[in-house]
Amino acid sequence: DQQVKQNSPSLSVQEGRISILNCDYTNSMFDYFLWYKKYPAEGPTFLISISSIKDKNEDGRFTVFLNKSAKHLSLHIVPSQPGDSAVYFCAASVLHSGAGSYQLTFGKGTKLSVIP
Amino acid sequence: DTGVSQDPRHKITKRGQNVTFRCDPISEHNRLYWYRQTLGQGPEFLTYFQNEAQLEKSRLLSDRFSAERPKGSFSTLEIQRTEQGDSAMYLCASSLAVGAQPQHFGDGTRLSIL
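See below:
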């Protein structure tokens, strides 16, 4: 049972345009969500996160939106740059249940290609 | 700020051999995690330490796997009697132990079983 789903394996966007990456989750206990970027032969790099008490978090060109009722989050990159070309992973965790491990559950990733 | 360091970066071994990987977390991070990633998948949680205590283990962590963090600093992950299915990227991550903190990953150890 995949609890975090990224239904688009790939996405191509023109340089300067907006990239929108989507993520759906099924576990209503998730209360902390993160996006990571991964280049080949490197580990995932943390980009941005959002707590379930918020519906938007912004950091420079990156904005994450959370829709709890739809169990959906999205990452917007504006404007997209060729250096943004990478695999993007959505991840979620349960922070506040008292269960304690803070383990991340990842989606399978979306490969973003930004075309110059 | 030194990031998470993993050693070795690559390991090739024959089926049935034992292998050990090392992870050095970011120095002030109390929490340390191990994940495994296979082709086309996201990382999957294996185990978690807070300081030297191993607090959770995934069902993915069979009895051939053991992890330690003896002094609450670096950690080792050992796989005994390796099998073909153990071929994967093994990722280590660390985080602060205060509130909602992101995990920061190393570049991983790629294990190939011949």
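Residue numbers (the working numbering), protein chains in the order written: chain H, 198 to 313; chain R, 345 to 458.
Glycine is no exception: its CB is placed at the ideal position from the N, C-alpha and C atoms.
These figures come from a predicted structure and were not determined experimentally.
Can you tell me where the beta strand (DSSP E) holding Ser246 of chain H begins and where it ends? Thr242 to Ser248
Just the chain H side, please: which residues come within less than 7 Å of Leu435 of chain R by C-beta, in chain order? Gly240
Is the beta carbon of His373 of chain R sitting closer than 7 Å to the one on Leu440 of chain R? yes
Please state the DSSP three-state secondary structure of Gln381 of chain R. strand
Which value, in whole angstroms, describes the spacing of the CA atoms of Ser266 of chain H and Lys358 of chain R? 49 Å
With DSSP as the reference, label Asp281 of chain H as helix, strand or coil. helix
Bridge partner(s) assigned by DSSP for Asp351 of chain R: R:Arg366
Partners in chain R for Ser248 of chain H, counting only beta-carbon separations shorter than 8 Å: Ala444
With 7 Å as the limit, tell me which residues of the stretch 385-403 of chain R have their beta carbon closer than that to any beta carbon of chain A; keep them in chain order. Annotation note: the requested chain A is absent from the structure, which comprises protein chains H and R.
Can you tell me where the beta strand (DSSP E) with Lys401 of chain R in it begins and where it stops? Ala397 to Lys401
So if DSSP puts His448 of chain R in a beta bridge, which residue, or which two residues, is it bridged to? R:Ser438
In the DSSP assignment, what residue or residues form a beta bridge with Asp252 of chain H? According to DSSP, which records beta bridges pairwise, Asp252 of chain H is partnered with nothing at all.
Which listed residue (R:Glu427, R:Ser402 and R:Glu396) has its alpha carbon closest to that of Gly360 of chain R: R:Glu427
Which term fits Arg354 of chain R, buried or exposed, when burial requires 16 or more other beta carbons within 10 angstroms of its beta carbon? Per the sequence shown, residue 354 of chain R should be read as His rather than Arg. Its Cβ having fewer than 16 others within 10 Å, His354 of chain R is exposed.
For Val311 of chain H, the first and last residue of its enclosing beta strand (DSSP E): Thr307 to Ile312
Are the CB atoms of Phe303 of chain H and Pro387 of chain R nearer to each other than 7 Å? yes
Would you mind working out which of H:Ile312, H:Leu292, H:Cys287 and H:Val291 sits nearest Lys202 of chain H, comparing C-alpha positions? H:Cys287
I need the straight-line Cα distance from Val275 of chain H to Ala397 of chain R, nearest angstrom please. 42 Å
Along chain H, which residues have their Cβ under 9 Å away from the Cβ of His373 of chain R? What His373 of chain R touches in chain H: nothing, since even the nearest Cβ is about 12 Å away.
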